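Just add 1 to the spot in the sequence shown (first one is 1) and you have the working numbering.
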Amino acid sequence: MTVEPQTRTTDREDIAKRLLRSSAKASFDPLVEIDWDALVDPDRYAIRPERLSLYGTELWETLTEEQRKELSRQEIASVASIGIWFETILMQMLVRHAYDRDPTTHHVQYAYTEIADECRHSVMFAKLLDKLDAPFYRLDPFTHLLGKVFKTVSNGPLTFSAALFVEEILDQLQREIMADEALEPLTRAVSRIHVVEEARHMRYAREEFARDWHRRGALVQHYSRLVLGAVAYYSATRLISPEVYERIGLDPRAARKAARRNPRWTDTKTWAARKVVATLDRAGAISGPGRYLWRKAGLLGRRGAAPSTAGPEAQRA
């Protein structure tokens, strides 16, 4: 059955109206909600150790417990740096999305609301870096340039599928962090705020992608699959900066090589991406040359390995 345009517009407005109401009830100011004066506990991990890129490798066995915990803080800082980078891109794409549309609609008003959320999240992540005694881990110049190009040429399906991909990866990691009372309270507090607000962002992105994707022609879809594959590849393979390893006393090249070959790290990325992969794959957005990039990034699992719905720690049990 064909859905009439008026019906699709009404549905879009109803969803945006509900998201606006939810934002009014459950939005946070991280500068107020988080105790930024509290000291970071050096005896706690910032993320579960089995989620770290070197976990289970020979290099991991050479690290002291102090180095492992510092690695956890620096890896969280690297992921937060990627978060700032992409949220800055997303804010610009959302402004472009709203620019050509009616600001009196709930849909555009929610786009503005999300931009405000992302501004606060970027400040929150930046303050997290400072508290973890970590630098802003800059991306390599080529990936940084690709980000500039992407935000300029992105179309509707790319804007929302890429947003859904990056936010879903962070969401899965942070849901686990916020639920684990053994982890560093600061990373749990940051994760809690981000999870609550990003749930609305992901609903918005998921609905808009589905609405826009199927009305696009074959040429635009082929182009979008390839570019989305590149976004997924460069985001996933840059999650952990080589400088992270250098800060704990490792050779960054050797450590990056070990992480790239680490099947547990691949399993973690596959686990974190499993929901967004399922969503985009069902829509037909992961195929052709773009699918190769998803697999090369470790987001579709290891060849010959059964897809996992649980984390590495569950697989070991």
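We put the beta carbon where it would ideally sit given N, CA and C, even for glycine.
Since the structure is predicted, the reported quantities are computational estimates derived from the model, not experimental observations.
Where W37 falls: helix, strand or coil (DSSP) | Three-state DSSP puts W37 in coil, outside helix and strand.
Residue environment, A27, which counts as buried when at least 16 other CB atoms sit within 10 Å = exposed
Counting along the chain, where does the alpha helix (DSSP H) carrying A27 start and finish?
-> Neither: A27 is in no alpha helix (DSSP H) and is coded neither H nor E.
Under a Cβ-count criterion, where at least 16 other Cβ atoms within 10 Å of its own Cβ denotes burial, should G299 be classed as buried or exposed?
-> buried
Starting from the C-beta of R207, find all residues in its chain whose C-beta is less than 7 Å away, skip the five residues before and the five after it, and write them out in chain order.
-> L165 and T280
Quick one: is E199 buried, meaning 16 or more other Cβ sit within 10 Å of its Cβ, or exposed?
-> buried
Quick one, are the C-beta atoms of F161 and I85 less than 9 Å apart?
-> no
Grab me the residues of P104's own chain with a C-beta within less than 8 Å of its C-beta, minus the 5 sequence neighbours each way, in chain order.
-> Q110 and Y113
Anyone know if the C-beta pair for T188 and I48 falls short of 9 Å?
-> yes
Neighbourhood of V154 by C-beta distance below 6 Å, restricted to the same chain and skipping five residues each side = The answer is none, since no qualifying residue turns up.
In angstroms with no decimal places, state the Cα-to-Cα distance between Q7 and H223.
-> Caution is warranted here: a pLDDT of 44 is assigned to Q7, below 50, making its placement in the model unreliable, and the coordinate value is therefore given only provisionally. Put simply, the backbone Cα of Q7 is about 28 Å away from that of H223.
Would you decide whether G218 is buried or exposed? Buried here means 16 or more other CB atoms lie within 10 Å of its CB.
-> exposed
Cα-Cα separation, E325 to N156 = Because residue 325 is not part of the residues shown, which for the chain are 2 to 318, the question remains open.
Measuring alpha carbon to alpha carbon, tell me which of V197, A127 and T238 ends up nearest R262.
-> Answer by Cα proximity: T238.
Cβ separation of E319 and D36, assumed to be a contact under 8 Å, to the nearest whole Å | In the structure displayed, the chain extends from 2 to 318; residue 319 sits before or after that span and is not available.
Would you decide whether R216 is buried or exposed? Buried here means 16 or more other CB atoms lie within 10 Å of its CB.
-> exposed
Report the option in R45, R74, L40 and W61 whose CA atom is closest to the CA atom of D252.
-> W61
Taking all protein chains shown into account, decide if T65 is buried (16 or more other Cβ within 10 angstroms of its Cβ) or exposed.
-> exposed
Beta-carbon proximity list for A315, same chain, < 7 Å, skipping 5 on both sides | Any reading at A315 must be qualified, since the residue scores a pLDDT of 41, below 50, and its modelled position is unreliable; no value is offered.
Ordered along the chain, which non-local residues of its own chain (more than five positions away) have a Cβ less than 6 Å from that of E177?
-> none
Give the straight-line distance between the Cα atoms of S242 and T144, rounded to the nearest whole angstrom.
-> 12 Å
Identify whether G84 lies in helix, strand or coil by the three-state DSSP scheme.
-> Collapsing the DSSP output to three states places G84 in a helix.
Please classify L301: does DSSP put it in a helix, a strand, or coil?
-> coil
Following the continuous alpha helix (DSSP H) through G230, name the residue where it begins and the one where it ends.
-> A219 to A237
Do you know offhand how far T106's Cα is from I116's?
-> Roughly 16 Å between the two C-alpha positions.
Under the three-state reduction of DSSP, which class applies to I249: helix, strand or coil?
-> coil
Return helix, strand or coil for I48, following the three-state DSSP convention.
-> coil
Take the Cβ of E168 as the centre, count every other Cβ of all protein chains shown within 10 Å, and call the residue buried at 16 or more, exposed below.
-> Counting Cβ neighbours within 10 Å, E168 comes out buried, since at least 16 surround it.
Ordered list of beta strand (DSSP E) runs contained in the stretch 145-216, each at least 3 residues | none
Consult DSSP for F137 and reduce its assignment to one of helix, strand or coil.
-> The answer is coil: DSSP assigns F137 none of H, G, I, E or B.
Bounding residues of the alpha helix (DSSP H) (the contiguous stretch that carries A273) | P264 to A284
Using a threshold of 9 Å, state whether the C-beta atoms of R265 and Y56 are closer than that.
-> yes
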